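Colleague:
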Amino acid sequence: MSYEPVEEPAMDTYLYWGDMKSWNGGTSCYGNDMVNGSPTARNLEWDKWMCVEMMVKLNNPVTAYNGELKIWQDGILVGHWGPGFPNGKWDNDSWFNIPDAPPFQGFRWRTDPGLKLSYICIEFYDSKSPPGVSHHIKYSNIVIAKQYIGPIKSN
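Be aware that the sequence shown starts at 2, since it is given in our numbering, and climbs by one per residue.
Pasting the structure below:
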């Protein structure tokens with residue numbers, strides 16, 4: 002999963018999971034967008050450090066759709082998806098928060114109880130830079146924890 006500008010400058014979550022939805026209504030899958038659109042959603046600000054934190058709660062038992070995902074940007078909760086929240090709908094492979102729509106089902110991240118969170122991959126993908134422009138990203142203070150930490154306090 003990633004937290005990235007899907008439709009710049011809006012930041013959204015892009016993820017792969019076993020029950021992801023198809024982009025064409027069939028069986029082809031290229032990942033799902035969890036398009037936030039909430040009042041707390043944040044935009045990308047170029048050339049500025051940001052603190053991004055993600056929380057994944059695995060489904061238990063493995064047959065249940067009770068897994069969760071939370072995203073914070075600069076200490077502000079910008080997205081939380083789990084069983085019964087938020088309300089919204091799927092449009093092919095993109096989830097849109099819509100207050101008067103049915104609730105989110107929750108995530109079934111795994112179907113095998115032996116599958117745990119055990120790996121992290123830090124990457125950067127840029128397909129929209131204009132010719133001759135080289136965008137890049139810097140990472141610092143990467144932490145893996147079992148509880149929310151929050152942004153680094155500055156003096």
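Think of the CB as a built atom: it goes at the ideal place given N, C-alpha and C, for glycine as much as any other residue.
The structure displayed is predicted, hence computed values, not measured ones.
When burial is assigned at 16 or more other CB atoms within 10 Å of the CB, is D20 buried or exposed?
Modeller: If you number the sequence shown from 1, residue 20 lands on position 19. It counts as exposed.
Colleague: How close, in whole Å, do the beta carbons of S119 and D34 come, if the pair is a contact with beta carbons under 8 Å?
Modeller: Counted from its first residue, the sequence shown places residue 119 at position 118. Counted from its first residue, the sequence shown places residue 34 at position 33. Contact doesn't hold; Cβ gap of about 25 Å is too wide.
Colleague: Restricting to runs no shorter than 3 residues, where is the beta strand (DSSP E) found entirely within the segment 33–101?
Modeller: With a minimum length of 3 residues, the continuous beta strand (DSSP E) runs that stay inside the segment 33–101 are 33–36, 53–58, 69–74, 77–82, 89–92, 95–98.
Colleague: Which two residues bound the contiguous beta strand (DSSP E) that contains T28?
Modeller: Locating residue 28 in the sequence shown gives position 27, counting from the first residue. Note, T28: premise wrong, no beta strand (DSSP E); not H, not E.
Colleague: G85: which of W73, L78, E54, I99 sits nearest, CA to CA?
Modeller: As a working note, residue 85 is residue 84 in the sequence shown. Taking only the C-alpha atoms, the option nearest G85 is I99.
Colleague: Quick one, are the C-beta atoms of Y15 and S3 less than 7 Å apart?
Modeller: As a first step, residue 15 is located in the sequence shown; it is residue number 14 there, counting from the start. As a first step, residue 3 is located in the sequence shown; it is residue number 2 there, counting from the start. Yes, the Cβ-Cβ distance between Y15 and S3 is below 7 Å.
Colleague: Using C-beta distances below 7 Å, list every residue in its chain close to L45, excluding the 5 sequence neighbours before and after it, in chain order.
Modeller: Position 44 of the sequence shown holds residue 45. Taken in chain order, the residues that qualify are P6, E9, P10, M12.
Colleague: Using only CA atoms, which one of T112, H137, S39 lies nearest to F125?
Modeller: Working through the sequence shown from its first residue, we reach residue 125 at position 124. Of the candidates T112, H137, S39, the one whose C-alpha sits nearest the C-alpha of F125 is H137.
Colleague: Could you check where the beta strand (DSSP E) with A11 kicks off and where it finishes?
Modeller: Taking the first residue of the sequence shown as position 1, residue 11 is located at position 10. Note, A11: beta strand (DSSP E), 11–16.
Colleague: Leaving out the 5 sequence neighbours to the left and right, which residues in its chain are closer than 6 Å to E54 when beta-carbon positions are compared?
Modeller: Start at 1 with the first residue of the sequence shown, and residue 54 comes out as number 53. Contacts found: W73.
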